[in-house]
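S.K.:
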Amino acid sequence: MMRLSRWTCLPTLLLLMHAALAQIPGLPSKPEAAAAKPAEVKSIPIAEIPQRADEDAAFALDVIERSASASASTTGALADELAVLKRNVVALEARIQGDRLAALPLANLESLDRYLRFLDRELRALQAELQQSVRPTTEAAAEIVHRRKLWLDTSEAIAEEQLPTLTQRIDSLLKEFAQAEKALALPLARQLALSRDTTATLARTGKAMAAVRTQIAGIDRKLWQRDTVGLVGALAQADLPQKFNLGALADDLRAELEFMDEFDRSFGGIN
């Protein structure tokens with residue numbers, strides 16, 4: 037029986053190694069087997085220009101119609117809601133200006149804090165609704181920019197082909213894109229201005245709430261501070277006749293005095 041030399045077996049071993057490596061998960065058998073990112077379309081093929089132009093013209097018209105309805109309904113309702121919340125915030129700010137805040141009793145301060153928390157929640161909900169309503173407008177604007185760039189590149193690509201009909205169709209489509217962008221400009225500007233106003237009102241609410249809570253915390257600290265001599269201490273220090281047997285009374289209440297002093301040392305300096 038004839039033996040195979042090691043050089044004769046080498047090609048077979050290489051084939052076996054290649055087959056084994058191909059079975060390892062995640063390891064491509066060839067470099068080109070790795071998933072390649074699809075190349076971005078640079079221009080539209082000439083044969084597809086008429087159909088794609090009609091589709092994009094319909095898209096531009098839809099953008100114009102939707103932008104008009106969105107501007108008239110959603111934005112107006114949100115603006116009215118913000119106006120009400122803003123008036124309430126301004127009215128509350130007037131109640132805490134200057135020395136007025138320090139003069140308010142604790143019960144009024146706590147009521148103000150609850151109302152400011154309510155306004156803060158309402159403004160945050162309004163802000164989230166605004167962000168939701170502005171998203172379709174910004175997405176439509178971004179899509180128009182993308183499509184216009186594609187058609188400009190297409191127009192440049194076919195410039196040497198001498199196809200005036202297709203060139204005119206592209207120019208007409210670009211004008212429709214410009215009209216759609218113009219239609220989006222007004223509602224987008226209103227939505228962004230409303231969003232900025234909401235954010236500013238929310239900041240004013242937070243500032244007022246912080247001032248009220250600081251005043252409440254100051255009152256709470258004073259509640260834990262003893263600013264006069266306690267009743268037990270006053271009785272112990274009073275110069276009363278001996279018939280009251282103050283020495284016995286002091287002995288009986290010594291434990292309470294020690295507790296009161298310890299409590300004052302522990303909590304009297306809280307800031």
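Sequential numbering from 37 applies to the sequence shown in our numbering.
Even for Gly, the Cβ is constructed at its ideal location relative to N, Cα and C.
Bear in mind the structure is a predicted one, so any value in this text is a computation, not a measurement.
To the nearest angstrom, how far is it from the Cα of residue 24 to the Cα of residue 172?
M.R.: A question about residue 24 goes unanswered here, because the residues of the chain that appear run from 37 up to 307.
S.K.: Tell me whether residue 135 sits in a helix, a strand or coil according to DSSP, three-state version.
M.R.: Here residue 135 sits in coil by DSSP.
S.K.: For the alpha helix (DSSP H) holding residue 175, just list the boundary residues, first then last.
M.R.: 142-193 is the extent of the alpha helix (DSSP H) around residue 175.
S.K.: Please determine if the segment 216-225 and the segment 129-138 are in contact, where contact requires at least 3 C-beta pairs separated by less than 8 Å.
M.R.: They do not touch, by the three-pair rule.
S.K.: Among the candidates 205, 218, 129 and 186, whose CA atom is the shortest distance from the CA of residue 103?
M.R.: Comparing Cα positions, the closest option is 218.
S.K.: Just to confirm, is the Cβ distance from residue 128 to residue 152 under 8 Å?
M.R.: Yes, they are a contact pair.
S.K.: In angstroms, rounded to a whole number, what distance separates the CA positions of residue 120 and residue 240?
M.R.: Approximately 15 Å between the Cα atoms of the pair.
S.K.: Figure out for me which residue from 175, 97, 139 and 228 has the closest Cα to the Cα of residue 254.
M.R.: Of the candidates 175, 97, 139 and 228, the one whose C-alpha sits nearest the C-alpha of residue 254 is 139.
S.K.: Starting from the Cα of residue 154, find the closest Cα among 250, 238 and 202 and give me that residue.
M.R.: Of the candidates 250, 238 and 202, the one whose C-alpha sits nearest the C-alpha of residue 154 is 238.
S.K.: Measure the CB-CB distance between residue 227 and residue 147 and report whether it falls below 8 Å.
M.R.: Taking 8 Å as the Cβ cut-off, residue 227 and residue 147 do not qualify as a contacting pair.
S.K.: Decide if the segment 79-94 is in contact with the segment 192-200; the criterion is three or more beta carbon pairs, one per stretch, under 8 Å apart.
M.R.: Yes: the two stretches touch, three or more of their Cβ pairs being nearer than 8 Å.
S.K.: Is the distance from the Cβ of residue 159 to the Cβ of residue 247 below 8 Å?
M.R.: Not in contact: residue 159 and residue 247 (Cβ atoms no closer than 8 Å).
S.K.: Any idea what DSSP makes of residue 81, helix, strand or coil?
M.R.: Residue state, collapsed to three classes: coil.
S.K.: Considering only residues of the same chain and omitting the five flanking positions on each side of residue 184, which have a CB-CB separation below 6 Å?
M.R.: So the list reads 213, once near-sequence residues are dropped.
S.K.: By DSSP, does residue 199 sit in helix, in strand, or in coil?
M.R.: It is coil, neither helix nor strand.
S.K.: Going by other Cβ atoms of all chains shown within 10 Å of its Cβ, with 16 needed for buried, is residue 142 buried or exposed?
M.R.: With fewer than 16 other Cβ atoms within 10 Å, it is exposed.
S.K.: Within 10 angstroms of the Cβ of residue 205, are there 16 or more other Cβ atoms? Answer buried if so, exposed if not.
M.R.: When all chains shown are included, residue 205 counts as buried.
S.K.: Among 243, 190, 251 and 166, whose alpha-carbon lies nearest the alpha-carbon of residue 116?
M.R.: Closest option to residue 116, Cα to Cα, is 166.
S.K.: What does the alpha-carbon distance come out to for the pair residue 207 and residue 243?
M.R.: Their Cα atoms are separated by approximately 53 Å.
S.K.: Rank 180, 211 and 231 by C-alpha distance to the C-alpha of residue 95 and give the top, closest one.
M.R.: Selected option, being the one with the closest Cα: 180.
S.K.: Rounded to whole angstroms, what is the Cα-Cα separation between residue 175 and residue 80?
M.R.: Cα-Cα distance, rounded: 22 Å.
S.K.: Less than 8 Å between the beta carbons of residue 97 and residue 230, yes or no?
M.R.: No, they are not a contact pair.
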